[in-house]
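Protein chains in written order, with my numbering: chain A, 74 to 295; chain B, 74 to 295.
A short worksheet on the structure shown next.
Protein chains: 2
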Amino acid sequence: MELEKRIFKDKAYFLLAKMIKAMANPRRLEIIDLLGQGEKSVEEIAGETDMSIANTSQHLQVLKAANLVEIRRAGNYIHYRLAHEGIYKSWQALRELGLERMAEMEKLVKDFREKRNTLEALNIDELLSRMKSKNIVVLDIRPAVEFKNGHIPGSINITVKELPAKLKKLSKNKEYVAYCRGPFCVFADEAVNILVKKGFKAKRLIEGFPEWKIKGLPFETI
Amino acid sequence: MELEKRIFKDKAYFLLAKMIKAMANPRRLEIIDLLGQGEKSVEEIAGETDMSIANTSQHLQVLKAANLVEIRRAGNYIHYRLAHEGIYKSWQALRELGLERMAEMEKLVKDFREKRNTLEALNIDELLSRMKSKNIVVLDIRPAVEFKNGHIPGSINITVKELPAKLKKLSKNKEYVAYCRGPFCVFADEAVNILVKKGFKAKRLIEGFPEWKIKGLPFETI
DNA sequence: CAACTATTCAATAATTTTATTGAATAGTTG
DNA sequence: CAACTATTCAATAAAATTATTGAATAGTTG
């Protein structure tokens with residue numbers, strides 16, 4: 074009886090640990106974070122994460138074996154996506170834990186943002202209240218595909234590359250809030266840095282689009 | 074610039090992975106789960122998890138290095154506790170993920186509960202609505218110390234060991250709901266099994282006391 | 001069906017993780 | 001302060017994880 078109990082517990086915790094181990098790797102966390110934007114091919118994932126194709130594939134196999142991702146075949150390409158929303162939510166909870174409780178993590182983010190004039194970031198709740206009153210322009214600094222799959226209503230899609238050319242169309246009387254994929258995505262930081270240096274009033278949103286969506290807030294697609 | 078961006082991401086995901094790796098081990102998950110009941114000494118943890126003292130201590134060092142647990146010295150004993158509530162919440166989210174999405178996990182739990190007449194379990198919400206209407210008796214099947222640190226209001230503390238002797242004091246007209254530490258804790262299963270075999274109407278609560286508390290529901294101490 | 005493309009597989013070496021053992025340490029108690 | 005207790009440390013061997021390389025595979029296209 075006591076033995077049976079131990080066997081049950083051993084198996085249960087082993088299975089859970091197996092799943093968590095599949096997450097517990099920097100590369101795979103980056104992949105999970107990225108797939109929060111929607112499905113991507115192996116090639117795209119490798120490109121975005123600066124990994125070799127073979128290594129990317131291997132990590133994807135680990136995630137697939139743990140039922141964390143699913144695939145869709147389209148022509149020569151295989152598209153990977155998160156197997157369900159709960160996976161991104163768990164990642165979000167863990168990321169939150171790290172951001173709030175690890176001193177090293179706090180320092181890392183602070184140092185990075187300090188150099189890029191993005192220390193004064195705002196969160197989703199703050200954005201929501203400001204959107205009502207102030208003349209705020211929300212900028213979505215992600216690739217066009219991701220913008221199309223869903224974005225904050227009223228936001229304007231400009232990538233970091235396009236931004237310098239489009240500066241003259243922006244008014245200096247407005248306040249800009251740039252967002253991208255999430256807390257570890259740096260597109261918004263780069264955009265804010267460019268804007269602030271040119272004399273615009275700009276801040277980044279701490280969270281990204283996935284957090285907006287998971288919060289149940291309305292979003293537009295095209 | 075691109076390089077700096079990569080270095081930032083590498084460091085960020087590495088730090089997160091380090092923390093998650095500290096969780097991603099069956100023994101350490103069991104420790105985290107156990108510490109959800111409140112602080113315990115190394116000896117107690119080793120006893121509850123059937124590990125050697127040295128091995129337990131080693132795993133505790135890993136958890137401490139990741140800032141997941143804190144210590145309190147009292148006499149010769151060192152008491153470990155979770156460093157904050159968010160850690161148990163994250164564990165809960167991950168456990169949920171596994172319970173809902175891993176076929177192996179579902180089978181494991183089902184097989185175990187089938188043998189113990191605890192397949193027909195109820196969850197906290199169901200218990201709450203039944204507590205209002207029916208003549209339900211809630212049994213807390215945990216060690217007395219844990220009961221003292223907090224329990225569902227009105228619940229009666231009976232351990233598995235004590236139960237057979239106390240059966241005659243229980244009425245067959247009531248319905249019994251047994252709870253313990255959480256989904257992987259088997260005290261409640263054992264209690265329900267004994268009760269059902271003796272002709273009582275009994276079910277287990279799927280969740281345990283930590284889930285009750287984290288939900289913000291009222292609890293009694295003493 | 002041959003050439004091509006995206007992805008996976010297999011083999012390897014380097015690194016990390018784990019449990020076990022027994023010794024060392026910090027702190028308490030008589 | 002000597003004996004004792006709970007915990008940690010250190011050394012080890014076995015097992016697992018990781019990135020790299022190049023070959024193999026599945027599927028598409030002309």
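We treat Cβ as the ideally placed atom computed from N, Cα and C, and that holds for glycine.
Predicted model, so just to flag it, every value in this text is computed and none were measured.
Beta-carbon neighbours of residue i, restricted to chain A and to distances below 7 Å
| i | result |
| --- | --- |
| M175/B | L88, M92 and N140 |
| N98/B | A90 |
For residue i, the first and last residue of its enclosing beta strand (DSSP E)
| i | result |
| --- | --- |
| H152/B | Y150 to L155 |
| K276/A | K274 to R277 |
| A147/A | V142 to A147 |
| D123/B | Counting along the chain, D123/B falls outside any beta strand (DSSP E), and DSSP gives it neither H nor E. |
| V259/A | Run containing V259/A: none; DSSP gives neither H nor E here. |
| E293/A | Looking at the DSSP string, E293/A is not in any beta strand (DSSP E), and its letter there is neither H nor E. |
Pick from the options that is closest to residue i, judged by C-alpha positions
| i | options | result |
| --- | --- | --- |
| L195/B | K207/B, I80/B and E280/B | E280/B |
| S244/A | D198/A, V269/A, V259/A and A97/A | V269/A |
| L108/A | L240/A, E219/A and I231/A | E219/A |
| H152/B | N246/B, K137/B, E158/B and I295/B | K137/B |
| I214/B | L181/B, A251/B, A238/B and L89/B | A251/B |
| L212/B | I267/B, A127/B and S114/B | I267/B |
| K234/A | P216/A, I93/A and R145/A | P216/A |
| L278/A | N190/A, E293/A, P99/A and Y86/A | N190/A |
| L290/B | F273/B, N208/B, L201/B and N246/B | L201/B |
| W164/B | F292/B, I287/B and G272/B | I287/B |
| Y249/B | H157/B, I229/B and F257/B | I229/B |
| M96/A | L240/A, H132/A and E173/A | H132/A |
| N140/A | G120/B, E173/B and A166/B | E173/B |
| M124/A | E193/B, E177/B, I231/B and D83/B | D83/B |
| K188/A | E263/A, I295/A and K91/A | E263/A |
Residue burial classification, residue i (beta-carbon count within 10 angstroms, cutoff 16)
| i | result |
| --- | --- |
| G148/A | exposed |
| P226/A | exposed |
| P237/A | exposed |
| R101/A | buried |
| G171/A | buried |
| Q134/A | exposed |
| I160/B | buried |
| I80/B | exposed |
| E284/B | buried |
| N98/B | buried |
Chain B residues whose Cβ lies nearer than 7 Å to that of residue i
| i | result |
| --- | --- |
| I185/A | With the sequence shown as reference, residue 185/A is identified as Phe, and Ile is not the correct amino acid for it. Per Cβ cutoff of 7 Å: F81. |
| V259/A | K78 and F81 |
| S163/A | A166, L167 and L170 |
| P216/A | Residues of chain B passing the Cβ test: none, with the nearest at roughly 15 Å. |
Own chain, CB closer than 7 Å to residue i, minus 5 neighbours either side, in chain order
| i | result |
| --- | --- |
| K113/A | L107, H152 and Y153 |
| F273/B | L243, K245 and Y249 |
Partner residues on chain A for residue i, Cβ-Cβ distance less than 8 Å
| i | result |
| --- | --- |
| M178/B | A85, L88 and L89 |
| H157/B | R174 |
| E103/B | K82 and Y86 |
N- and C-terminal bounds of the alpha helix (DSSP H) containing residue i
| i | result |
| --- | --- |
| V218/B | A217 to N222 |
| L107/B | P99 to L108 |
Spatial neighbours of residue i in its chain, beta-carbon cut-off 6 Å, leaving aside the 5 residues before and after
| i | result |
| --- | --- |
| V210/A | K247 and Y249 |
Per-residue contacts from residue i into chain B (C-beta, under 8 Å)
| i | result |
| --- | --- |
| L181/A | F81, K84, A85 and L88 |
Chain B residues whose Cβ lies nearer than 9 Å to that of residue i
| i | result |
| --- | --- |
| I118/A | Residues of chain B passing the Cβ test: none, with the nearest at roughly 14 Å. |
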